[in-house]
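Undergrad:
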Amino acid sequence: MLVSAHPIWAADKGSVTNLPLPRFVSMKASEGNVRRGPSLSHRIDWVYKRRNMPLQITAEHGHWRRVQDRDGAGGWVHYALLSGVRTALVEAELLALQARPETGAPVVAQLSMGVVAELRQCRVDWCELSAGGYSGWAPKEGYWGVLPSETFE
497 MLVSAHPIWA
507 ADKGSVTNLP
517 LPRFVSMKAS
527 EGNVRRGPSL
537 SHRIDWVYKR
547 RNMPLQITAE
557 HGHWRRVQDR
567 DGAGGWVHYA
577 LLSGVRTALV
587 EAELLALQAR
597 PETGAPVVAQ
607 LSMGVVAELR
617 QCRVDWCELS
627 AGGYSGWAPK
637 EGYWGVLPSE
647 TFE
C-alpha cells in the first residue's frame with residue numbers, strides 16, 4: 497500500500513496564477529526591492545541586485561510574490577520584477593557540464609561556484625544548463641533552482 501502525506505495531484509496552487517507553489521523563477525530586473533509585506537507601503541528589507549538570480553515563489557497576493565533565495569532569505573517582490581526563465585545557482589566548487597546526461601560522459605565545461613546558469617530542461621536526475629556560451633548536463637546536486645523530483649522540457 498502506497499501512502500503519501502502530500503499526493504502529487506494535490507499540489508498547492510497560487511491563488512492568483514493557479515501555478516504550482518512552490519515554484520522557481522528568476523530576477524528579470526537587475527535590481528528589485530524585497531518588502532516585508534505585499535504592497536508599496538510595506539518596508540523594504542533589502543534589495544536583490546543580481547539579474548537572473550533564481551528565486552523560489554512560496555506565496556502570491558495580487559501583483560506580489562513572496563520569494564526566497566537559496567539561503568532561505570526573502571520577502572515580497574512585485575511580479576513585474578520576475579521572469580519565468582529558469583536559472584540555477586552553482587553551489588559546488590566546480591560543476592562539470594557533461595555532453596550527455598549520464599555518468600562518465602565527456603566533460604564539456606566546468607562552472608565555478610556562484611555562477612548563474614540557465615536551466616534548459618530537466619530530467620529526473622539531470623538538468624541541461626547553459627552559461628558563458630557553454631551547454632551541458634549535470635546531476636541535480638551541486639546547484640540550486642530546481643526541485644529534486646522536478647522535470648520539464
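Residue numbers (the working numbering): 497 to 649.
Virtual Cβ for every residue (Gly too), placed ideally from N, Cα, C.
(1) Pick helix, strand or coil for residue 634, following the three-state DSSP scheme.
(2) Is residue 576 helix, strand or coil by DSSP?
(3) Using only the alpha-carbon positions, how far apart do residue 576 and residue 530 sit?
(4) Exposed or buried, which one is residue 545 when buried takes at least 16 other CB atoms within 10 Å?
(5) Specify the secondary structure class of residue 529 as computed by DSSP and reduced to three states.
(6) With a threshold of 16 other CB atoms inside 10 Å of the CB of residue 535, please say whether the residue is buried or exposed.
(7) Over the uninterrupted beta strand (DSSP E) stretch that includes residue 611, give me the two end residues.
(8) What does DSSP give as the partner residues of residue 647 in its beta bridges?
(9) Which runs of the beta strand (DSSP E) spanning at least 3 residues fall entirely within the segment 537 to 562, listed in chain order?
(10) For residue 614 and residue 593, what's the separation of their Cα atoms in angstroms?
(11) Any idea what DSSP makes of residue 582, helix, strand or coil?
(12) Quick one: what does DSSP say residue 512 is sitting in, helix, strand or coil?
(13) Between which two residues does the beta strand (DSSP E) holding residue 620 run?
TA: Quick look at the numbers:
(1) strand
(2) helix
(3) 13 Å
(4) exposed
(5) strand
(6) exposed
(7) Note, residue 611: premise wrong, no beta strand (DSSP E); not H, not E.
(8) Answer is none; residue 647 lacks a bridge partner.
(9) 540 to 544 and 550 to 557
(10) 13 Å
(11) coil
(12) coil
(13) Per DSSP, residue 620 belongs to no beta strand (DSSP E) and is neither H nor E.
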